[in-house]
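Take 116 as the starting number for the sequence shown in our numbering and just add one per residue.
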Amino acid sequence: MEKTENNTYSPEKPLAHEKWEEFCQLYAGECWGDAEKAFKSAGLDKDPATKKAAPGRPRKILQIKEIYERILYLRKIKFIENEMDSLWIAQRRKEIVEKAEKESDRLNALKDLEKAIEALSAAASEKNGPGVTIVFNSKDKGIRP
Numbered sequence: 116m117e118k119t120e121n122n123t124y125s126p127e128k129p130l131a132h133e134k135w136e137e138f139c140q141l142y143a144g145e146c147w148g149d150a151e152k153a154f155k156s157a158g159l160d161k162d163p164a165t166k167k168a169a170p171g172r173p174r175k176i177l178q179i180k181e182i183y184e185r186i187l188y189l190r191k192i193k194f195i196e197n198e199m200d201s202l203w204i205a206q207r208r209k210e211i212v213e214k215a216e217k218e219s220d221r222l223n224a225l226k227d228l229e230k231a232i233e234a235l236s237a238a239a240s241e242k243n244g245p246g247v248t249i250v251f252n253s254k255d256k257g258i259r260p
């Protein structure tokens, strides 16, 4: 695990071990919340160092501070990217509302824009941050950054 100058891990930087980094990427994305699937997809079940691991090994990996922090960071990045995409879509809808020639196009875009704004404001008003939660074995343990 890469350490910074003050000897603490930086979750912004990929993990030095490629398989562990791949596990984090998969767990934070495609295999959201499924440690077993992320473990197998990253090839850790075939890795000689982890092949003979106990059956609960994938869930235990999540308790490693560096892996836990990396997953939180990756999920925050995904959340920010989704918010930026939503904002871009809202801007395009606004342009349609302002520039559409047909009244029906403007009304439909306006309705879509209103729904998007409601969804964004609901997400923004969430009092515990962006809703990034680590899930262990598909059960929410309420662990938040």
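C-beta atoms are modelled at their ideal positions from N, C-alpha and C, and glycine is treated no differently.
This structure is a prediction, so every number in the text was calculated from the model and none was measured.
Sort W135, P163 and A164 by Cα distance to A153 and report the nearest one.
Position 38 of the sequence shown, counted from the first residue, corresponds to residue 153. Answer by Cα proximity: W135.
The alpha helix (DSSP H) that contains D200, what's its start and end?
Counting from one through the sequence shown, the residue named residue 200 turns up at place 85. For D200, the uninterrupted alpha helix (DSSP H) run begins and ends at K180 to K214, by DSSP.
Could you check if L326 is buried or exposed, using at least 16 other CB atoms within 10 Å of its CB as the buried criterion?
This structure gives no information on residue 326, because the portion of the chain shown stretches from 116 to 260.
Pick out whichever of I179, A164, D220 and K161 has its Cα sitting closest to the Cα of C139.
Against the sequence shown, residue 139 aligns to sequence position 24. Comparing Cα-Cα distances from C139 to each of I179, A164, D220 and K161, the minimum goes to I179.
Cut-off 6 Å between Cβ atoms - residues of its own chain near S253, not counting five sequence neighbours on either side
As a first step, residue 253 must be located in the sequence shown, where it is residue number 138. With a pLDDT of 44 at S253, under the threshold of 50, the modelled position of that residue is not reliable, and the figure given next carries that caveat. A distance below 6 Å between beta-carbons, with the five flanking residues on each side excluded, links S253 to the following residues of its chain, in chain order: G148.
Residues near I211 in its chain [Cβ-Cβ closer than 8 Å; skip 5 each side]:
The residue labelled residue 211 in the question sits at position 96 within the sequence shown. Residues D220, R221 and A224 of the same chain have their beta carbon placed closer than 8 Å to that of I211, with the five preceding and five following residues left out of the count.
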